[in-house]
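This report concerns only the one structure given below.
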Amino acid sequence: MTSSATTWRGSTMASRAAERREQLVRAGYGLLGGEGAAATTMRAVCRAAGLSLRYFYENFADREALLIEIYDQTARGLVDAVTMRLADAPDDETARARAAFDAAAQYFADDPRRGRIMFRETLADDTLRAHGADVLPAFVTLVAAQLAPAQAARFTAAPGRTPLPVSAISGALVALFLDWLDGDVEANRDEVVDYATRLTITILGLT
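Here the working numbering is used: position 44 in the sequence shown is 133, and no number is missing along the way.
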């Protein structure tokens with residue numbers, strides 16, 4: 090041990106703790122995105138991370154807290170990908186909608202585990218179902234507000250409530266992207282993006 094009680098082999102205790110947390114999240118991500126929520130148990134995550142249960146409980150209250158963290162990190166990645174694409178998109182509403190959905194499609198195509206976490210496992214696990222029911226409408230609201238900033242108030246509701254068009258789009262997009270990622274629809278990526286664009290523009294009444 091070094092002269093400082095807070096370091097070990099050149100690493101601070103805080104950095105080691107952060108590293109262990111990241112190991113657990115990475116292991117959980119691999120299990121949740123690869124095998125599903127049922128396989129993502131605390132013991133399975135610890136085995137995959139090479140850590141003991143003691144370290145799991147140092148970072149997460151329970152399995153559900155880890156699942157939510159994995160989902161939220163995946164959702165934040167989607168928001169970042171879409172926001173970056175919209176920053177360079179033209180002012181035309183249809184073009185901006187298409188840019189947003191193309192960025193989303195690329196994000197899921199780059200790592201199919203992301204789509205499974207955000208869409209399939211929200212149908213299989215009660216914790217993710219409840220959490221996703223809050224997060225996905227918030228994402229749709231974000232996109233809708235960027236498509237038509239002057240009409241942003243239309244897509245915002247009181248806490249705990251979801252505007253009707255946002256709810257409709259959220260459900261439709263989950264089904265559309267899930268079926269596409271599973272290969273259950275006869276459509277390529279461009280066709281899915283175009284359809285999602287037309288659907289969103291129509292439901293939001295931006296035509």
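Don't be surprised by glycine CBs; every beta carbon is placed ideally from N, CA and C. Note that the structure is a prediction, hence the values are computed from the model and not measured.
* What number of angstroms, rounded off, separates the C-alpha of Arg-110 from the C-alpha of Tyr-118? -> 12 Å
* Looking at Val-281 and Leu-293, is the spacing between their C-beta atoms short of 8 Å? -> no
* Is Arg-185 closer than 8 Å to Leu-267 when the C-beta atoms are compared? -> no
* To do: Identify every run of the alpha helix (DSSP H) within the segment 202 to 245, keeping only runs that are complete inside it and at least 4 residues long; order them along the chain.
  => 210 to 213, 215 to 236
* Assigned secondary structure, Val-168 (DSSP; H/G/I helix, E/B strand, else coil) -> helix
* Asked: Should Thr-183 and Ile-258 be called a contact, given that it needs their Cβ atoms to be closer than 8 Å?
  -> no
* Asked: CB-CB under 6 Å to Val-255, same chain, minus the five flanking residues each way: which ones, in chain order?
  -> Pro-226, Val-229, Thr-230, Phe-244
* Asked: How many Å lie between Arg-143 and Val-134 at the Cα?
  -> 12 Å
* Would you mind sorting Asp-273 into buried or exposed? The rule is 16 or more other CB atoms within 10 Å of its CB. => exposed
* Selected residue, minimal CA-CA separation from Tyr-146, among Ala-137, Met-131, Ala-237 -> Met-131
* Spatial distance of Ala-150 from Leu-156 (CA atoms) -> 11 Å
* To do: Give the straight-line distance between the Cα atoms of Leu-262 and Ser-141, rounded to the nearest whole angstrom.
  => 39 Å
* Asked: Mind pulling the alpha helix (DSSP H) runs of 4 or more residues that sit fully within the segment 101 to 153?
  -> 102 to 123, 131 to 138, 142 to 148
* Gly-204 classed as buried or exposed, judged by whether at least 16 other C-beta atoms fall within 10 angstroms -> buried
* Give the DSSP-derived three-state secondary structure of Thr-251 in the structure shown. => coil
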